[in-house]
Amino acid sequence: MGVWNVTFDPYQQQDQAQYGDPAAAQSGGQQSEDEDVEIDYEYSVSEEFAYSLDEVPEELRQGDESSSSDYIA
Amino acid sequence: MGDPKISFSGGAFTVTGYAPQWSIGNLGQIKLADHFQIFPPTSFTDPQIKLGLHLIDLTWGRRGHLWLEQSLTAGATFHILRTGASGSLQLNNQLLWQPMKELTFTFHFNLSGTLDDHGVRGTVDFGSQFKIVEGKTVLGGVGLRF
């Protein structure tokens, strides 16, 4: 029998796999068969847009005349 | 067509977010700037940035949900964290409203367009990368097979 390590540490995942999920065991003594899965995916699309002037805030309708250089991204 | 008041070409705004317990669909219900930081192109002027952020709000509000749905028709790769097993899989729309243990994303809005006396028109190139982590059993419940 092993000793439960209830502090999550990714480097202890080997032990968790051997002894089951500590949280599940503590709550009812049942071992969880669930495993975390990481999924990666990408998506891209290109579309045209057109908005009327009514949808543009008044302050922006004046244009680029008041361009400032003090913006810090 | 009136005189251009603000023009911009090829400026990419970037949004990176970490949203544990969110579903992918939740991202389409919000105004991105209210929850995540949006980084504008460094070459943009202040009015260009303000207009760009406004266009992202408008465009995300109208197209964001559809784009998120469409993204789930893409192929994906998976990696089982404990065993290291990996492979490819086909996603599906059942995943849209499934809360995830971890949801990390990066969006790029590459905007080109012009504001004139009639309004603002142009193109948006939207690119996105998603990384989600969830239990195999939960993901199996929404039709994913590994």
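Taken in order, these protein sequences are the chains called A and B. Numbers 2 to 74, taken from the numbering used here, label the letters of the first sequence in order. Numbers -14 to 131, taken from the numbering used here, label the letters of the second sequence in order. By construction, the Cβ of each residue, glycine as well, lies at the ideal position given by its N, Cα and C atoms.
(request) Just the chain B side, please: which residues come within less than 7 Å of residue 59/A by C-beta, in chain order? (result) Within the first sequence, the letter at position 58 stands for residue 59/A. What residue 59/A touches in chain B: nothing, since even the nearest Cβ is about 12 Å away.
(request) Please list the segments of the alpha helix (DSSP H) lying wholly inside the region -4 to 80 of chain B, counting only runs of 4 or more residues, in order along the chain. (result) Runs of the alpha helix (DSSP H) lying entirely within the region -4 to 80 of chain B, each at least 4 residues long, are 9 to 12, 17 to 20 and 31 to 56 in chain order.
(request) Indicate the three-state DSSP secondary structure (helix, strand or coil) for residue 62/A in the structure shown. (result) Locating residue 62/A in the first sequence gives position 61, counting from the first residue. In the structure shown, residue 62/A sits in a helix (DSSP, three-state: H, G or I).
(message) Give me the residue from 120/B, -9/B, -10/B and 5/B with the minimum Cα distance to residue 137/B.
(response) The structure shown does not extend to residue 137/B, since chain B is modelled only from -14 to 131, so the question has no answer here.
(message) Is the separation between the beta-carbon of residue 57/A and that of residue 104/B shorter than 8 Å?
(response) As a working mapping, residue 57/A is identified with position 56 in the first sequence. As a working mapping, residue 104/B is identified with position 119 in the second sequence. Against a cut-off of 8 Å, the Cβ pair of residue 104/B and residue 57/A comes out as a contact.
(request) Report the rounded CA-to-CA distance for residue 54/A versus residue 98/B, giving the unit in angstroms. (result) Mapped onto the first sequence, residue 54/A falls at position 53. Mapped onto the second sequence, residue 98/B falls at position 113. One C-alpha to the other measures close to 14 Å.
(message) Three or more C-beta pairs under 8 Å: does that hold for the region 37 to 49 of chain B against the region 58 to 70 of chain B?
(response) no
(request) Compute the beta-carbon to beta-carbon distance between residue 120/B and residue 35/A, rounded to the nearest angstrom, for a pair I have assumed lies under 8 Å. (result) As a working note, residue 120/B is residue 135 in the second sequence. As a working note, residue 35/A is residue 34 in the first sequence. Right, their Cβ atoms sit about 4 Å apart.
(message) Quick check on this structure: which residue in 116/B, -6/B, 75/B and 21/B has the alpha carbon closest to the alpha carbon of residue 28/B?
(response) Looking up residue 28/B in the second sequence gives position 43. Per the Cα distances, -6/B.
(request) List the endpoints of the continuous beta strand (DSSP E) containing residue 116/B. (result) If you number the second sequence from 1, residue 116/B lands on position 131. Residues 104 to 120.
(request) Take residue 13/B and list the residues in its own chain whose beta-carbon comes closer than 7 Å to its own, dropping the five residues that flank it on each side. (result) Residue mapping note: residue 13/B aligns to position 28 of the second sequence, counting from 1. Here the set comprises 49, 50 and 53.
(request) Could you work out which residues of chain A lie near residue 108/B, taking near to mean beta carbons separated by less than 9 Å? (result) To locate residue 108/B, count along the second sequence from 1; it is residue 123. Think of a sphere of 9 Å around the beta carbon of residue 108/B: the chain A residues whose beta carbon falls inside it are 47, 48, 49 and 50, in chain order.
(message) Buried or exposed for residue 44/A, going by 16 or more other Cβ atoms inside 10 Å?
(response) Numbered from its first residue, the first sequence carries residue 44/A at position 43. Residue 44/A comes out buried.
(message) Please list, in chain order, the chain A residues whose beta carbon lies closer than 8 Å to that of residue 52/B.
(response) The count along the second sequence starts at 1 and reaches residue 52/B at position 67. Here the neighbours are 44 and 46.
(request) Answer with buried or exposed for residue 63/B, where buried requires no fewer than 16 other C-beta atoms within 10 angstroms of its C-beta. (result) To locate residue 63/B, count along the second sequence from 1; it is residue 78. Residue 63/B sits buried, since 16 or more C-beta atoms from the chains shown fall within 10 Å of its C-beta.
(request) Please determine, among 74/B, 96/B, 126/B and 95/B, the residue with the shortest C-alpha to C-alpha distance to residue 82/B. (result) Working through the second sequence from its first residue, we reach residue 82/B at position 97. It is 126/B.
(request) Give a yes or no on whether the minimum CB-CB distance between residue 61/B and chain A is below 8 Å. (result) Residue numbering aside, residue 61/B sits at position 76 when the second sequence is read from its first letter. It does: the Cβ of residue 61/B has a partner Cβ on chain A nearer than 8 Å.
(request) Starting from residue 44/B, find everything on chain A with Cβ-Cβ shorter than 7 Å and list it in chain order. (result) Working through the second sequence from its first residue, we reach residue 44/B at position 59. Chain A residues near residue 44/B: 50.
(request) Determine the closest residue to residue 113/B out of 100/B, 32/B and 57/B, with distance taken between C-alpha atoms. (result) Residue mapping note: residue 113/B aligns to position 128 of the second sequence, counting from 1. Comparing Cα positions, the closest option is 57/B.
(message) Let me see if you follow: with CB-CB separation under 8 Å, is residue 28/A close to chain B or not?
(response) Position 27 of the first sequence, counted from the start, is the residue given in the question as residue 28/A. In this prediction, residue 28/A scores a pLDDT of 41, lower than 50, which makes its location untrustworthy; no coordinate-derived value is stated.
(message) Quick check: is the beta carbon of residue 84/B nearer than 8 Å to any beta carbon in chain A?
(response) Position 99 of the second sequence, counted from the start, is the residue given in the question as residue 84/B. It does not: the Cβ of residue 84/B has no partner Cβ on chain A nearer than 8 Å.
(message) Could you compute how far the alpha carbon of residue 49/A sits from the alpha carbon of residue 107/B?
(response) The residue you call residue 49/A lines up with position 48 of the first sequence. The residue you call residue 107/B lines up with position 122 of the second sequence. Spanning the two alpha carbons is a distance of roughly 6 Å.
(request) Pick helix, strand or coil for residue 125/B, following the three-state DSSP scheme. (result) As a working note, residue 125/B is residue 140 in the second sequence. Residue 125/B falls in the helix class under three-state DSSP.
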